[in-house]
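Trainee:
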Amino acid sequence: MDISSTVIVDRLPDWFSTAFAKVRYLDISNNEISGRLPRNMEFMSLEIFFINSNKLTGEIPNLPRNITTLDLSGNSLSGNFPSNIGNTYLSSLWLRSNQITGRIPKFLCKADLSNNLLEGQLPQCFGVMDIGFLMLSNNRFSGNFPSFLKRLRQLKSLDLSHNSFSGRLPLWIGELAELRFLGLNHNTFSGEIPPTISNLSHLRHLNLAGNGLSGAIPWHLSNITAMIGMDETNYENDLYDGGYLDTFRTLDFSSAVVKGRELNYSSGIWDLVSIDLSFNQLTGVIPEEIAALDALINLNLSWNQLSGTIPNNLGALQALESLDLSRNMLSGRIPPSLSDLTYLSYLDLSDNNLTGRIPSGRQLDTLYTQEPSMYSGNSGLCGLPLPISCLGKNATRQDDQKSNEHSFEPMTFYFGLALGFILGLWVVFCALLFKRAWRTAYFCMIDKTYDQMYVFAVLTWKSWAR
């Protein structure tokens, strides 16, 4: 029975479990149902029950014994797991976005438990099943990176973000070759980013922000071929062929910081090709190979200790919409190629050591009007759109306009000199042509000057000969 998205009651009545006692399939999701779940729900015949996206509160009572699929996500349920959860046929459980507390039962392995208040370590049973998606974000889990994940070779999406996991990321993370989504942000992981992470050729979304990671950004990022010009329909077909597309559409993914704002994504996450390494302690330079990932939409390397220059070839990231390199120690000039990023709608280069003239371009000028602080904290930058004028080789269009009338242009000077010489000769010629007295006086002066020069030359020659 499917009565989803239809408001029938505002709370579940006492006779609910009796009226639907023989029903095996029931969907009452996306209503405005409030209150608690029936206490005697244990005696119902339900096998598939969708009651997600309502306003239910209180604890989860004992479940129907024949239940196989249960979706309680998007409510405000609290307390621990029901006591009989291990005595049911439950194979699929959605509890995301509630307030469930305590530890995960050791036998509960196929479940979406993100956005709750769960704590402790993950049960080992996760590592003995063929799991394609493991979504445990926004909880209170702790411990090291789970070692049993090494056995999950079919894992396509791993979201452990917003927990309290710690320790180093293992080298074998590069062996999870089917990963498309990796969200480990906002934990307390430390050490270097494993270089083997570049072996994840299918990866589309990498988020390691908000940890204590150090060292350099891995090289050979061009090995992540899924971030290089892959068509979105091909990616969706890839998920469909693996039988994961329907599951993928129901998942509740963690948020991502894009264009300076934290945005929540669901199934549309595969459209966001992203690398977020912000809020760590990364050092070294930005690898030039990152420019090979031309399908990147979001690149966030802010709040680190990166040095060196911004790669000149970043203009090759033609799909890039958001670029945040702020609060590092980057130096040198802003690459002119950034003005070629036609889809770029957010740029933040603030609080670095950048110098020189700001590249001109309609795209960058438009971004500055939307985000005037994008260049702040770089005392060496000058030129439009900043009010600081450049000197010498750093002169900008603004400086050229101000000093144009005082500047020395060689070509203009020589052209004016030749033009004046020709004009002067023409004036003299016209005067001699039309004034007979001037013409006679002119030639007499030439003859007299010639005679004087001749006499002077003869006398000088004789004096030298003696």
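Throughout the sequence shown, residue numbering follows my numbering, covering 23 to 488 in sequence. Glycine included, every Cβ here is placed at the ideal spot set by N, Cα and C. Just so we're clear, the structure is a prediction, and the values are computed from it rather than from any experiment.
(1) Could you tell me how far apart the beta carbons of P104 and P86 are, in whole angstroms, since I believe they sit closer than 8 Å?
(2) Can you say whether K484 is buried or exposed, counting buried as having 16 or more other CB atoms within 10 angstroms of its CB?
(3) I'd like the span of the beta strand (DSSP E) that includes W116, first residue to last.
(4) At what residues does the alpha helix (DSSP H) containing M66 begin and finish?
(5) Would you tell me roughly how many angstroms separate the C-alpha atoms of E54 and G80, rounded to the nearest one?
(6) Around the C-beta of N320, are 16 or more other C-beta atoms found within 10 angstroms, so that it is buried, or is it exposed?
(7) Please check the pair S348 and D370, which I expect to be a contact at CB under 8 Å, by giving their CB distance rounded to whole angstroms.
(8) Please name the residue or residues paired with S21 in a DSSP beta bridge.
(9) How is K77 classed by DSSP in three states: helix, strand or coil?
(10) Going by beta carbon distance, what residues of the same chain come within less than 6 Å of S346, once the five residues before and after it are set aside?
(11) Reducing DSSP to helix, strand and coil, say where M249 ends up.
(12) Between E214 and L177, which are expected to be in contact by the criterion C-beta below 8 Å, what is the C-beta distance as a whole number of angstroms?
(13) On a Cα-Cα basis, can you pick out the residue from S114, G96, S411, P216 that is closest to N52?
(14) Less than 8 Å separating the Cβ of E311 from some heavy atom of the ligand MG?
(15) Can you say whether S401 is buried or exposed, counting buried as having 16 or more other CB atoms within 10 angstroms of its CB?
(16) Return the CA-CA distance between N245 and P216, expressed in angstroms with no decimal places.
(17) Candidates L386, S183, H227: which alpha carbon is nearest F211's?
(18) Using the three-state DSSP reduction, which class does R379 fall into: helix, strand or coil?
(19) Can you list, in chain order, the residues of its chain whose CB lies under 7 Å from that of L20, leaving out five sequence neighbours each side?
(20) What's the call for N350, buried or exposed, on a 16-neighbour Cβ count within 10 Å?
(21) Just tell me which of G154, F187, L174 has its CA closest to the CA of N160.
(22) So, S367 versus S344, is the Cβ gap smaller than 9 Å?
(23) According to DSSP, is L96 helix, strand or coil?
(24) Near L386, which residues of its chain fall below 6 Å by C-beta distance, leaving aside the five closest residues on each side in sequence?
(25) Throw me the rounded Cβ distance for the L112 and T90 pair, which I believe falls under 8 Å.
(26) Find the nearest neighbour of E393 within the set A487, G282, L204, judged by alpha-carbon distance.
(27) Compare the C-alpha of L294 against each of Q303, D316, G306, E311 and name the closest.
(28) In whole angstroms, give me the CA-to-CA distance for G154 and N137.
(29) Please report the distance separating the alpha-carbon of L156 from that of A133.
(30) How is Y47 classed by DSSP in three states: helix, strand or coil?
(31) Quick check on Y262: buried or exposed, where buried means 16 or more other Cβ atoms within 10 Å of its Cβ?
(32) Can you grab the Cα-Cα spacing for the pair I410 / N185, in whole Å?
(33) Alpha carbon to alpha carbon, how far is F129 from P145?
(34) Check this for me: beta carbons of G232 and N302, under 9 Å apart or not?
(35) With a 10 Å radius around its C-beta and 16 neighbouring C-beta atoms as the bar for buried, classify S226 as buried or exposed.
(36) Using a 10 Å radius around the Cβ and a threshold of 16 neighbouring Cβ atoms, would you call C452 buried or exposed?
Mentor: With the structure as the only source:
(1) Here residue 104 is taken as the residue at index 82 of the sequence shown, counted from 1. Here residue 86 is taken as the residue at index 64 of the sequence shown, counted from 1. Not quite, the Cβ-Cβ distance comes to about 11 Å (not below 8 Å), so this is no contact.
(2) Here the question's residue 484 lines up with position 462 in the sequence shown. K484 is exposed by the Cβ-count criterion.
(3) Stepping through the sequence shown from its first residue, residue 116 is reached at position 94. Its beta strand (DSSP E) spans residues 114 to 116.
(4) Taking the first residue of the sequence shown as position 1, residue 66 is located at position 44. Premise fails: M66 is in no alpha helix (DSSP H) and is neither H nor E.
(5) Locating residue 54 in the sequence shown gives position 32, counting from the first residue. Locating residue 80 in the sequence shown gives position 58, counting from the first residue. Those two C-alpha atoms are separated by around 16 Å.
(6) What you label residue 320 is simply residue 298 of the sequence shown in a count that begins at 1. By the 10 Å Cβ count, N320 comes out buried.
(7) Counting from one through the sequence shown, the residue named residue 348 turns up at place 326. Counting from one through the sequence shown, the residue named residue 370 turns up at place 348. Right, their Cβ atoms sit about 4 Å apart.
(8) Within the shown structure, residues of the chain are numbered from 23 to 488, placing residue 21 beyond reach of any answer.
(9) Numbered from 1 along the sequence shown, position 55 holds the residue referred to as residue 77. Strand, per DSSP.
(10) As a first step, residue 346 is located in the sequence shown; it is residue number 324 there, counting from the start. First, the amino acid is wrong: residue 346 is Asp here, not Ser. Around D346: N322, S324, D370.
(11) In the sequence shown, residue 249 corresponds to position 227, counting from 1. In the structure shown, M249 sits in a helix (DSSP, three-state: H, G or I).
(12) The residue labelled residue 214 in the question sits at position 192 within the sequence shown. The residue labelled residue 177 in the question sits at position 155 within the sequence shown. The Cβ separation is near 22 Å, so there is no contact.
(13) Reading the sequence shown from its first residue, position 30 is the one you call residue 52. Among S114, G96, S411, P216, the Cα nearest to that of N52 is on G96.
(14) Of ligands this structure carries none, so the ligand MG is not represented either.
(15) In the sequence shown, residue 401 corresponds to position 379, counting from 1. With fewer than 16 Cβ atoms within 10 Å of its Cβ, S401 is classed as exposed.
(16) What you label residue 245 is simply residue 223 of the sequence shown in a count that begins at 1. What you label residue 216 is simply residue 194 of the sequence shown in a count that begins at 1. For N245 and P216, the distance between alpha carbons rounds to 14 Å.
(17) Here residue 211 refers to the residue found at position 189 of the sequence shown. When each option's Cα is compared against that of F211, the closest is S183.
(18) Numbered from its first residue, the sequence shown carries residue 379 at position 357. Strand, per DSSP.
(19) Any property of residue 20 remains undetermined from this structure, which presents the chain solely from 23 to 488.
(20) On the sequence shown, residue 350 is found 328 positions in, with the first residue counted as 1. Per the 10 Å Cβ criterion, buried.
(21) Here the question's residue 160 lines up with position 138 in the sequence shown. Checked all of G154, F187, L174; the closest Cα to N160 is F187.
(22) Here residue 367 corresponds to residue number 345 of the sequence shown, with the count starting at 1. Here residue 344 corresponds to residue number 322 of the sequence shown, with the count starting at 1. For S367 and S344, yes; Cβs fall inside 9 Å.
(23) Translated into positions along the sequence shown, residue 96 becomes position 74. Just to set this straight, residue 96 is Gly in the shown sequence, not Leu. In the structure shown, G96 sits in coil (DSSP, three-state: anything other than H, G, I, E or B).
(24) The sequence position of residue 386 within the sequence shown is 364, counting from 1. Answer for L386: S361, listed in chain order.
(25) Stepping through the sequence shown from its first residue, residue 112 is reached at position 90. Stepping through the sequence shown from its first residue, residue 90 is reached at position 68. About 6 Å separates the two Cβ atoms, so the contact holds.
(26) Here residue 393 refers to the residue found at position 371 when the sequence shown is read from its first residue. Measuring from the Cα of E393, the nearest candidate turns out to be G282.
(27) As a working mapping, residue 294 is identified with position 272 in the sequence shown. Of the candidates Q303, D316, G306, E311, the one whose C-alpha sits nearest the C-alpha of L294 is D316.
(28) For the purposes of this step, residue 154 is identified with residue 132 of the sequence shown, where counting begins at 1. For the purposes of this step, residue 137 is identified with residue 115 of the sequence shown, where counting begins at 1. Rounded to whole angstroms, G154 to N137 spans 19 Å at the Cα level.
(29) For the purposes of this step, residue 156 is identified with residue 134 of the sequence shown, where counting begins at 1. For the purposes of this step, residue 133 is identified with residue 111 of the sequence shown, where counting begins at 1. Spanning the two alpha carbons is a distance of roughly 8 Å.
(30) Here the question's residue 47 lines up with position 25 in the sequence shown. Three-state result, Y47: strand.
(31) The residue given as residue 262 occupies position 240 in the sequence shown. Note that Y262 scores a pLDDT of 45, beneath 50, so its modelled location is shaky; the value from the coordinates is reported in the next line. By the 10 Å Cβ count, Y262 comes out exposed.
(32) One-based indexing of the sequence shown puts residue 410 at position 388. One-based indexing of the sequence shown puts residue 185 at position 163. Cα-Cα distance, rounded: 45 Å.
(33) Locating residue 129 in the sequence shown gives position 107, where the first residue counts as 1. Locating residue 145 in the sequence shown gives position 123, where the first residue counts as 1. Annotation: F129 to P145 spans about 8 Å, alpha carbon to alpha carbon.
(34) The residue given as residue 232 occupies position 210 in the sequence shown. The residue given as residue 302 occupies position 280 in the sequence shown. Against a cut-off of 9 Å, the Cβ pair of N302 and G232 comes out as a contact.
(35) Within the sequence shown, numbered from 1, the residue matching residue 226 stands at position 204. Looking at the sequence provided, one finds Arg at residue 226 rather than Ser. Here R226 is buried, its C-beta having at least 16 other C-beta atoms within 10 Å.
(36) Indexing the sequence shown from 1 puts residue 452 at position 430. Answer is exposed; the Cβ neighbour count stays below 16.
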